[in-house]
Each structure stands twice: as structure tokens, then as C-alpha cells.
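Peer 1:
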Amino acid sequence: MGERRAANGDGAVSESAATSGVSSSCAVTRFLEGPIVQIAARLALAAIFFYAAIPKIGDPAAFARDIANYRLVPEEMVSPAAVMLPWIELVTALCLALGVLTRGAALVCAVLLAAFTAATTAAVLRGLNIECGCFGQSGSGNAVGWGTVVRDAAFLVPAVLVVLFDRGRYGLAKAIKRP
Amino acid sequence: MKKDMRSGFFALIGKAAGIVAVGAGLGLGVNALRADGLSLGATRPTVGDDKSTAGSCSAGPTTNVPEASIDEARALYGKPGVTFVDARSRADFERGHVKGAVLLPYEAAAAAAGQASLPVPTDHRLIVYCEYVNCQLSSLLAQLLSQSGCERVRVLKGGYPAWASAGLPTGTGP
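Okay, here's the thing in C-alpha cells:
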């Protein structure tokens with residue numbers, strides 16, 4: 240019980256403050272596990288990854304050039320990455336949109352976004368004047384900059400929310416399991 | 005409790021790995037079926053790999069392609085016997101290019117290698133450029149031209165942005 244108590248200004252322990260702290264933390268958790276946050280985060284991630292995957296699938300050669308321009312991936316791995324990555328993004332987007340293997344898909348998103356954030360950060364720090372390649376569209380002039388880094392890092396937020404707080408309540412998998 | 009957490013963690017990793025495996029498999033499968041699928045070996049021809057002779061350049065020894073700085077390119081621009089070669093796509097070329105440059109997209113040049121003449125004067129000094137500072141198209145095309153026996157080929161350091169930002173002559177359209 241001791242650890243749940245909070246000391247007030249004159250040294251006395253306030254049980255109600257502790258209780259209110261715990262209940263507000265529970266309320267935050269309930270909110271983060273709730274349908275608004277979970278469905279919005281899932282669908283936002285699904286839309287981002289779907290939007291990112293389609294142009295790259297359409298033009299893998301351009302995406303390979305974008306990857307090569309980062310000069311982070313060994314040359315022999317550039318084409319396999321350009322071929323596989325967009326499809327991984329697409330499968331991930333479908334899982335998130337449907338609510339199937341949701342946390343696994345969100346974990347894939349989080350790992351990919353962390354890698355993209357690291358790659359774009361490295362490109363900016365090395366002063367590379369290259370296209371992002373984040374959403375395909377090679378030749379669009381969408382150059383890598385700190386804005387790209389911040390955007391990729393921001394996309395991590397919904398991914399982490401789904402990994403940590405999804406309870407599988409709002410997806411197709413749950414609907415199928417219901418009698 | 006700890007055991008449950010550990011098994012939950014491994015289940016999560018397993019699901020993520022399954023998604024990655026399905027996506028990677030689909031990507032490889034579709035690539036194998038596509039007419040324009042990528043070769044999964046090296047992404048670019050390396051000097052000495054391609055024994056074909058491109059265009060009308062006579063076959064000759066292949067060398068590493070040197071770079072030309074923007075100052076060197078500026079000094080060479082407009083001189084007789086110097087041609088700038090744009091390795092980008094037609095769309096990029098039409099948006100802006102070195103004035104008087106010849107459009108020769110790398111993909112088209114690679115496809116034509118050994119089968120058709122390339123539209124570059126082979127006895128000229130060729131300055132090849134592309135879109136970005138580290139864009140590889142220019143070095144790929146320069147290597148292709150070198151492999152085909154064009155001896156005086158250089159890559160413009162900094163590509164088209166360096167040329168345009170230096171206020172040197174540019175053109176738009178076809």
C-alpha cells in the first residue's frame with residue numbers, strides 16, 4: 240500500500256491523491272486501448288503504407304535507384320530490397336486495414352519506420368542531396384531533409400500505440416471469432 | 005506472469021516475421037513473373053562485366069570514369085568537340101537541362117547497348133550528368149559509354165542541380 244501513497248505538502252499521506260492518480264492512469268490506458276485511438280491509428284498506418292507501397296510496386300527500378308542513392312545498402316541487396324520492401328508494406332497495410340495480425344503488422348511498421356528515420360537522418364547528416372523515395376514517385380523532387388526525418392518519426396507514434404495498446408477488439412479477426 | 009509476457013512477445017515477433025515473409029515472397033514471386041522485373045544480382049553493370057559494344061563507339065579498353073567539377077565543366081562548355089549527355093528520363097530533361105545537351109536515358113542506352121547506335125558523337129569529350137549529387141545514373145551511363153570504347157567520358161560532379169545553381173546555361177522542353 241505504501242508505494243501507492245502520495246505525500247502532500249505538509250508530509251501527510253493523501254490516499255485520495257494516490258487513488259486519483261491510479262484512476263487517471265487507468266483512464267488514459269482505457270482511452271489508448273479504446274476504439275477511437277486504435278481504429279484511427281490502425282487506419283492511418285494502413286493508409287500511409289498503402290500509399291507508400293503502390294508507386295514502388297509500379298516502378299521497382301526507380302525505387303532501386305532511390306535506395307541506392309542512400310548508399311547504406313550493399314549493392315547486391317539494393318534490387319532485392321526494392322522488390323520485397325513494397326510488398327511487405329502492402330501486406331502490412333492490408334493486415335492493419337482489416338485488423339488481422341494487427342500488433343504484428345504494427346510492429347513491422349514500427350521497425351520499418353525506425354529504419355527509414357535512421358536512413359533519412361543519416362542522409363541529412365551526410366549532406367546528401369537525394370530524393371526521399373518514401374512514397375515512390377522518383378523524379379518528384381521530394382528531397383530528403385529534416386522535414387522528412389520528423390515526418391517518419393511522427394509516423395512511429397501510431398505504430399507504437401497499436402503495438403502497445405491494441406487488444407484485438409476492433410478488427411476482422413475478432414469479428415470472425417464472435418459466435 | 006513473466007512466462008506469459010515472454011510467450012506473448014515471441015508470438016508478436018512470430019506474427020511480424022510471418023508478415024515480412026509473406027510480403028517478401030510475394031515481392032519475389034511477382035518480380036519473377038514481371039516482364040520488367042529487376043535482376044536480383046548486382047544493381048549496376050560494373051566495368052568489365054558487359055562485353056557488348058554499344059553504338060558506334062569502337063570497342064576499347066574500359067576504365068574508371070573520372071569526374072568533372074563544375075568549374076571544369078564550365079570551362080569545357082561550348083567548346084568544339086565537347087558534348088553534354090543527360091542520363092535522366094525525358095520528363096526530367098524537359099523540365100530543365102544543360103543547354104545543348106543530348107538526352108540519353110541510362111535505361112534506353114543499356115537496352116540499346118550492342119544493338120543500335122547511341123546518339124552521341126563518339127569522338128567528342130562527353131560530360132554525363134543526372135539529377136542528384138549522388139545520382140548513379142550518370143556514372144552508370146558513363147561506364148556504359150566507356151565500356152563501349154568512348155575514351156573521353158567524365159561525370160559532372162553535383163549533377164544538373166550544381167549546373168543550374170551555378171547559373172550556367174539551361175534549357176527546357178524537348
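Going down the list, the sequences are from chains A and B. Residues in the first sequence are numbered from 240 upward in steps of one, following my numbering. Residues in the second sequence are numbered from 5 upward in steps of one, following my numbering. For each residue, glycine too, the CB sits at the ideal point set by N, CA and C.
#1: If valine 330 of chain A and alanine 320 of chain A are in contact, beta carbons under 8 angstroms, what's the gap, nearest whole angstrom?
#2: Name the chain A residues whose beta carbon is nearer than 8 angstroms to that of valine 24 of chain B?
#3: Is any beta-carbon of chain A found at less than 8 angstroms from that of proline 165 of chain B?
#4: Just checking, does the stretch 399-415 of chain A make contact with the stretch 365-373 of chain A on the three C-beta pairs under 8 angstroms criterion?
#5: Using a Cβ-Cβ cutoff of 8 angstroms, what residues of the stretch 303-334 of chain A are near chain B? List them in chain order.
#6: Span of the alpha helix (DSSP H) holding threonine 360 of chain A?
#7: Roughly how many angstroms lie between the CA atoms of glycine 85 of chain B and arginine 94 of chain B, to the nearest whole one?
#8: Just to confirm my understanding: we take valine 283 of chain A, look at its own chain, exclude 5 residues before and 5 after, and list those with CB closer than 8 angstroms. What are they?
#9: In terms of residue numbering, what span does the beta strand (DSSP E) encompassing threonine 387 of chain A cover?
#10: Report yes or no: do the stretch 385-396 of chain A and the stretch 336-347 of chain A share at least 3 C-beta pairs separated by less than 8 angstroms?
#11: Have a look at the DSSP bridge pairing and note the partners of histidine 128 of chain B.
#12: Measuring only the C-alpha atoms, how far is serine 11 of chain B from glycine 18 of chain B?
#13: Suppose you measure from the CA of alanine 79 of chain B to the CA of threonine 176 of chain B; what does that come to, to the nearest Å?
#14: Whole angstroms is fine: what's the gap from leucine 131 of chain B's alpha carbon to glutamate 328 of chain A's?
#15: In chain B, what lies closer than 8 angstroms to alanine 344 of chain A by C-beta?
#16: Closer than 8 angstroms is the cut-off here; do at least three beta carbon pairs connect the stretch 96-106 of chain B with the stretch 158-171 of chain B?
#17: Looking at the structure shown, is glycine 18 of chain B part of a helix, part of a strand, or coil, going by DSSP?
#18: My output table needs one value for aspartate 298 of chain A: the three-state DSSP class, helix, strand or coil.
#19: For the alpha helix (DSSP H) that phenylalanine 88 of chain B lies in, which residues bound it at each end?
#20: Closer than 8 angstroms by beta-carbon distance: list the chain A residues that pair up with glutamine 140 of chain B, in chain order.
#21: Tell me whether the stretch 334-341 of chain A and the stretch 272-283 of chain A touch, counting them as touching only if at least three CB pairs, one residue from each stretch, are closer than 8 angstroms.
#22: Would you mind stating whether phenylalanine 88 of chain B and tyrosine 133 of chain B have Cβ atoms separated by less than 8 angstroms?
#23: To the nearest angstrom, how far is it from the Cα of leucine 395 of chain A to the Cα of glycine 410 of chain A?
#24: CB-CB under 7 angstroms to alanine 114 of chain B, same chain, minus the five flanking residues each way: which ones, in chain order?
#25: Mark aspartate 90 of chain B as exposed unless 16 or more other C-beta atoms lie within 10 angstroms of its C-beta, in which case mark it buried.
#26: Measure the CB-CB distance between threonine 205 of chain A and aspartate 391 of chain A and report whether it falls below 8 angstroms.
#27: So is serine 143 of chain B buried or exposed if we call it buried at 16+ other beta carbons inside 10 Å?
#28: Does leucine 172 of chain B get closer than 8 angstroms to chain A when you measure Cβ to Cβ?
#29: Write down the C-beta distance between tyrosine 110 of chain B and leucine 172 of chain B rounded to the nearest angstrom, noting that I regard them as a contact closer than 8 angstroms.
#30: Just how far apart, CA to CA, sit asparagine 308 of chain A and leucine 145 of chain B?
#31: Does proline 397 of chain A get closer than 8 angstroms to chain B when you measure Cβ to Cβ?
#32: Alpha carbon to alpha carbon, what distance is there between alanine 117 of chain B and cysteine 61 of chain B?
#33: Quick check on the DSSP output: the alpha helix (DSSP H) that includes arginine 78 of chain B runs from which residue to which?
#34: Can you give me the Cβ contacts of lysine 7 of chain B inside the same chain, cut-off strictly under 7 angstroms, excluding the 5 residues immediately before and after it?
Peer 2: The structure says:
#1: About 16 angstroms separates the two Cβ atoms, so there is no contact after all.
#2: Scanning chain A for C-beta atoms nearer than 8 angstroms to the C-beta of valine 24 of chain B yields Ile327 and Val347, reported in chain order.
#3: Yes, proline 165 of chain B lies at the interface with chain A (some Cβ there is under 8 angstroms from its Cβ).
#4: By the Cβ test, the stretch 399-415 of chain A is not in contact with the stretch 365-373 of chain A, since fewer than three Cβ pairs between them sit closer than 8 angstroms.
#5: Within the stretch 303-334 of chain A, the residues whose Cβ lies closer than 8 angstroms to some Cβ of chain B are Ala303, Arg304, Ala307, Asn308, Arg310, Glu314, Glu315, Val317, Ser318, Pro319, Ala321, Val322, Met323, Leu324, Pro325, Trp326, Ile327, Glu328, Leu329, Val330, Thr331 and Cys334, listed in chain order.
#6: Here the alpha helix (DSSP H) through threonine 360 of chain A covers 341-364.
#7: Straight through space, the alpha carbons of arginine 94 of chain B and glycine 85 of chain B are spaced by roughly 24 angstroms.
#8: Checking the sequence shown, residue 283 of chain A turns out to be alanine, not valine. Only Pro397 meet the Cβ criterion.
#9: Counted as a single uninterrupted DSSP element, the stretch harbouring threonine 387 of chain A is not any beta strand (DSSP E) but the alpha helix (DSSP H) occupying residues 385-404.
#10: With contact defined as three or more Cβ pairs closer than 8 angstroms, the stretch 385-396 of chain A and the stretch 336-347 of chain A are not in contact.
#11: Under the DSSP definition of a beta bridge, histidine 128 of chain B lacks any partner.
#12: Straight-line Cα distance between these residues: approximately 10 angstroms.
#13: About 22 angstroms.
#14: Reading off the sequence shown, one finds isoleucine at residue 131 of chain B, where the question assumed leucine. If you take the alpha carbons of isoleucine 131 of chain B and glutamate 328 of chain A, they lie about 39 angstroms apart.
#15: What alanine 344 of chain A touches in chain B: Lys19, Ala20 and Ile23.
#16: The answer is yes - the stretch 158-171 of chain B touches the stretch 96-106 of chain B, with three or more Cβ pairs under 8 angstroms.
#17: Judged by DSSP in its simplified three-state form, glycine 18 of chain B adopts helix.
#18: The three-state secondary structure of aspartate 298 of chain A, taken from DSSP, is coil.
#19: Where phenylalanine 88 of chain B is concerned, there is no enclosing alpha helix (DSSP H), although the beta strand (DSSP E) it sits in stretches over 86-90.
#20: For glutamine 140 of chain B, the C-beta contacts it makes with chain A under 8 angstroms involve Arg304, Ala307 and Asn308, in order along the chain.
#21: When C-beta atoms of the stretch 334-341 of chain A are compared with those of the stretch 272-283 of chain A, three or more pairs fall below 8 angstroms, so the two segments count as touching.
#22: In contact: phenylalanine 88 of chain B and tyrosine 133 of chain B (Cβ atoms closer than 8 angstroms).
#23: Inter-residue distance for leucine 395 of chain A and glycine 410 of chain A is about 21 angstroms (C-alpha atoms, whole angstroms).
#24: Leu148.
#25: Under this definition aspartate 90 of chain B is a buried residue.
#26: Since the first and last residues shown for chain A are 240 and 418, residue 205 of chain A lies out of range.
#27: Burial of serine 143 of chain B is indicated by the presence of at least 16 other C-beta atoms within 10 angstroms of its C-beta.
#28: No, its Cβ sits nowhere closer than 8 angstroms to a Cβ of chain A.
#29: About 22 angstroms; that fails the 8 angstroms criterion.
#30: Cα atoms of asparagine 308 of chain A and leucine 145 of chain B: separation of roughly 15 angstroms, rounded to the nearest angstrom.
#31: Not an interface residue.
#32: Unreliable placement is indicated for cysteine 61 of chain B, whose pLDDT of 40 sits below 50; no coordinate value is reported for it.
#33: First-last of the alpha helix (DSSP H) with arginine 78 of chain B: 74-80.
#34: For lysine 7 of chain B, where only same-chain residues beyond five positions count, there are no Cβ hits under 7 angstroms.
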